[in-house]
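Numbering (my numbering), first residue to last: 23 to 242.
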Amino acid sequence: MSSLPRGTGLIDQPIPYSSGQYRGFTMRTRVKELQKAVLGRKYANVDRRPLDPPPVISMSINTVRDAGTSRQHEEEIEDYGDVQTAGLMCTVDLFPVIPPPPEHPLTDIVHRDRHTGIPILESSKMTTSLVGATFVQPNLIDWEGKRQLMFVFSDLAVRQEGQFLLRYRVFDLFARAHGQSDLTIQAECFGGVFRVYSTKEFPGLPPSTELTKVNKRVTP
């Protein structure tokens with residue numbers, strides 16, 4: 023499944039759908055990292071420890087009314103329990119947080135870490151160093167007084183030591199944008215920086231967060 027995501031031209035934009043649960047409607051999807059990983063232990067066959075706390079992504083979906091006109095406006099879905107989650111997926115890519123070579127092309131920059139200002143290059147992607155579930159489906163979670171769709175990456179480890187961040191991308195296996203036959207990436211976001219330690223240097227796991235506990239109660 024790692025080769026599935028393709029079309030990036032409509033990321034975070036209003037998308038008119040020709041198939042899927044929103045066929046005939048124009049929708050905009052957004053994602054944000056609710057909980058970032060803080061640390062991890064370098065993956066080893068005999069000692070696999072996932073990132074902690076597990077990264078959690080929330081997704082919002084808006085109906086775009088009067089798209090392309092001066093009256094265009096958006097209305098968020100009222101009840102995410104009505105969303106058909108079969109086919110909804112979030113995938114991750116791994117990027118190192120290190121200063122790039124001075125000759126890197128500006129077109130290769132896909133993000134800048136908000137704390138260090140270090141540019142993140144598409145060509146530096148290290149997704150093959152991830153181990154575990156890099157594609158997950160959403161859970162419907164009661165959080166902060168409302169039901170939300172969340173993607174939880176509870177089984178994700180890294181083969182290398184260092185500082186990294188994740189890029190999250192959401193798509194729907196059963197939906198196609200109008201006039202397109204390829205799978206469309208609907209939304210993306212970049213997460214916060216975390217560190218992966220060697221077994222010898224690993225400082226130990228922090229206590230579970232409240233969001234982690236809530237997700238554990240509903241995850242099959």
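By construction, the Cβ of each residue, glycine as well, lies at the ideal position given by its N, Cα and C atoms. Just so we're clear, the structure is a prediction, and the values are computed from it rather than from any experiment.
Using 10 angstroms around the beta-carbon of residue i, count the other beta-carbons present and answer buried if the total reaches 16, otherwise exposed.
i	result
Gly46	exposed
Phe196	exposed
Ala66	exposed
Thr206	buried
Pro124	exposed
Asp130	exposed
Asp88	exposed
Leu171	buried
Val240	exposed
Asp204	exposed
Hey, how far is the Cα of residue i from the Cα of residue j?
i	j	result
Ile120	Arg93	44 Å
Gly213	Val86	26 Å
Glu98	Leu56	18 Å
Tyr39	Ala155	28 Å
His200	Val192	18 Å
Gly270	Val215	Outside the shown range of the chain, which is 23 to 242, sits residue 270, and nothing can be said about it.
Asp69	Val153	12 Å
Ala164	Asp177	It should be pointed out that residue 164 corresponds to Asp in this sequence rather than to Ala. Cα-Cα distance, rounded: 22 Å.
Lys238	Thr91	44 Å
Glu166	Leu110	23 Å
Ile83	Glu223	42 Å
Ser145	Lys54	23 Å
Asp194	Ala108	8 Å
Under 7 Å Cβ to Cβ from residue i, same chain only, skipping five residues before and after it: list those, please.
i	result
Gln106	Gln43
Lys168	none
Candidates the options: which alpha carbon is nearest residue i's?
i	options	result
Glu232	Phe224, Gly154, Pro77, Tyr65	Pro77
Arg50	Glu223, Ala59, Glu96	Glu96
Pro225	Thr149, Ile33, Leu61	Leu61
Met81	Ala89, Pro75, Ile142, Cys211	Cys211
Ser151	Ile37, Ser203, Tyr102, Val114	Val114
Lys235	Arg198, Asp74, Glu144, Thr129	Asp74
Lys147	Tyr190, Ala108, Arg136	Tyr190
Gln185	Pro229, His137, Arg169, Pro228	His137
Ile37	Arg134, Arg71, Asp104, Arg198	Arg198
Asp135	Leu187, Val180, Asp104	Leu187
Leu227	Glu100, Thr149, Arg71	Arg71
CB-CB under 6 Å to residue i, same chain, minus the five flanking residues each way: which ones, in chain order?
i	result
Lys64	Glu183, Val218, Ser220
Phe173	Ile79, Cys112, Val158, Pro160
Ala59	Leu73, Pro77, Phe216
Arg52	Ser82, Ala209
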